[in-house]
Amino acid sequence: MSQTMKSAFNRILLIVLITFLSQLSSACSTVQYYAQGAKGHLALMSQRKPVKQVLVDKNVSDKRKQQLKEVLEIRQFAYDRLKLPQNNSYTSYVELKRKAVSWNVIANPKYSMSPVQTCFPFVGCVSYLVYFSPEAAKREAEKQKKLGRDTHIIESPAYSTLGVFDDPILSTMLSRSSSSTAEVIFHELAHQRLYRKNNSAFNEAFASAVGQEGTRLWLKEKHPEKLERYEQHLKKRWAFFNLLINTSSELKAWYSHNYEETVTEKGKRRIYQQLNEKYARLKQSWGGDKRFDKWFTQSPVNNAKLSAIGVYYKQVPEFSRQLKALNYDFGKFYRYYEKQEEH
């Protein structure tokens, strides 16, 4: 099937799915969730323009055109050097009038570091729910709060359809540095390369590792003058992530004692206070660098916010070590984990 036919077929399939879902009972939360996802995705797909067309559009800024040209180079590097899927993903563009493409809601029991798993037909169980509007995400978070759970909403610049559709470049993917853009693209393409049903922690950490190590290789080969700055950023980022991951471990151990609630709550507050103090010392060791301050100030720090870091990053060092052991042969790296899945 040609790419044009595939795109048309997928669009028709999605329209049929939306029509089918809209006819089912609105009382069913699973149906509502699928319907909002299908509608949000179709709205996004309908706005796509081929990058080649955007590059000759006089109404598009030179800065944006340069960013899109770089994305095409990043995409080619992903295929050539990282052995990621070669398809029509990231050959079209959508200019979004919002700061995120989706909002992911993660929820944890009040005294647990394990995110609540939500299971659906076809896609399996996931550790977070994806919404295409902040209002829908807030409603879900409020629903979870009423159940006594800690909640957190993650603003996402991109998402993957796992190769079912040709994912577009989004303006939200271009809002930071070129290194950040490369990480996002490599991350999302990694989801297309390998995805394990019912295992969000594996999927996100695997994709994050490919994003990180792929960006390192891209900078080394294409922009060596930017590599040192990226390495310094990674060093600080991992110092920060390790602080959060260690705090999660402390909380998990504390909750395992099953003390009466007043004691458990007191210990929880103590550990979170210590987190603030440790971060202040870490920041001081960086000469007052404030790059991670927003993590503390933009939304409440709680179990859900901490566990989100665990879902995305806790297993990344393990994946990075395996990739290094394979001499950064990305093809062998993917096959190594594919064989694990077979067994």
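Mind the numbering: the sequence shown is residues -27 to -1, 1 to 316 in mature numbering (1 follows the signal peptide of the UniProt record, and there is no 0), read in order.
Backbone N, C-alpha and C fix where the C-beta goes; we use that ideal spot for every residue, glycine too.
In this text, all values refer to a predicted model and were calculated from it rather than measured experimentally.
Given residue i as reference, the closest of the options once Cα atoms are compared
i, options, result
"Leu45", "Pro23, Val33, Lys31 and Gly184", "Pro23"
"Phe269", "Tyr252, Ser258 and Gln257", "Tyr252"
"Gly304", "Asn60, Lys42, Gly187 and Ser181", "Gly187"
"Lys278", "Arg122, Ser181 and Gln9", "Arg122"
"Arg71", "Phe179, Ala131, Ser100 and Gln288", "Ala131"
"Ser100", "Tyr285, Leu207 and Thr3", "Tyr285"
"Leu207", "Ser153, Asp140, Asp35 and Val27", "Ser153"
"Ser133", "Gln40, Glu108 and Phe159", "Phe159"
"Glu314", "Asn171, Lys25 and Tyr203", "Asn171"
"Gln40", "Arg149, Glu115 and His125", "Arg149"
"Tyr301", "Leu190, Tyr84 and Gln26", "Leu190"
"Tyr245", "Glu223, Ala174 and Asp139", "Glu223"
"Asp53", "Lys195, Ser19, Tyr84 and Arg21", "Lys195"
"Glu311", "Phe179, Gln271 and Gln26", "Phe179"
Alpha-carbon to alpha-carbon, residue j and residue i
i, j, result
"Asp262", "Lys31", "40 angstroms"
"Ile47", "Phe93", "34 angstroms"
"Thr91", "Val137", "22 angstroms"
"Tyr309", "Ala51", "19 angstroms"
"Leu(-7)", "Val183", "Unreliable positioning characterises Leu(-7) in this predicted model, as indicated by a pLDDT of 42, which lies under 50. The coordinate reading is nonetheless provided below. So the alpha carbons of these two residues sit roughly 35 angstroms apart."
"Ser221", "Asn276", "8 angstroms"
"Tyr6", "Lys239", "36 angstroms"
"Ser106", "Glu128", "10 angstroms"
"Ile218", "Trp211", "10 angstroms"
"Lys36", "Leu28", "11 angstroms"
"Tyr10", "Val74", "Strictly speaking, residue 10 in this sequence is Gly, with Tyr absent from that position. In a straight line, the C-alpha of Gly10 is about 12 angstroms away from that of Val74."
"residue 317", "Ala174", "A question about residue 317 goes unanswered here, because the residues of the chain that appear run from -27 up to 316."
"Leu69", "Ser144", "6 angstroms"
Close beta carbons around residue i, own chain, < 6 angstroms, minus the five adjacent residues each side
i, result
"Leu200", "Leu192 and Lys193"
"Ile142", "Val44, Tyr63 and Tyr66"
"Tyr104", "Trp76 and Ala110"
"Ser280", "Asn81, Met86 and Pro88"
"Tyr168", "Leu135 and Asn176"
"Lys38", "Leu28"
"Cys98", "Gln90, Cys92 and Asn171"
"Leu299", "Lys305 and Phe306"
Buried or exposed (CB count within 10 angstroms, at least 16 for buried), residue i
i, result
"Gln117", "buried"
"His164", "buried"
"Ala16", "exposed"
"Pro273", "exposed"
"Ala155", "buried"
"His230", "exposed"
"Gln185", "buried"
"Thr124", "buried"
"Ser258", "exposed"
Residues that DSSP places opposite residue i in a beta bridge
i, result
"Asn77", "Val103 and Ile127"
"Arg37", "Paired residues: none, contrary to the question."
"Pro82", "Arg122"
"Ser65", "Pro23"
"Ile47", "DSSP lists no partner for Ile47."
Contacting residues, own chain, Cβ-Cβ under 7 angstroms from residue i (five flanking each side not counted)
i, result
"Glu113", "Val78, Leu102 and Tyr104"
"Arg166", "Leu57, Pro58 and Tyr307"
"Ser181", "His160, Tyr285, Tyr286 and Val289"
"Asn60", "Gly136 and Asp139"
"Ser34", "none"
Residues near residue i by beta carbon distance below 8 angstroms, same chain, minus five either side
i, result
"Lys297", "none"
"Val157", "Pro130, Ala131, Met146 and Gly184"
"Ile282", "Phe214, Leu217, Ile218 and Ser221"
"Ser293", "Ala182, Gln185 and Glu186"
"Glu108", "none"
"Leu255", "Ala212, Phe213 and Leu216"
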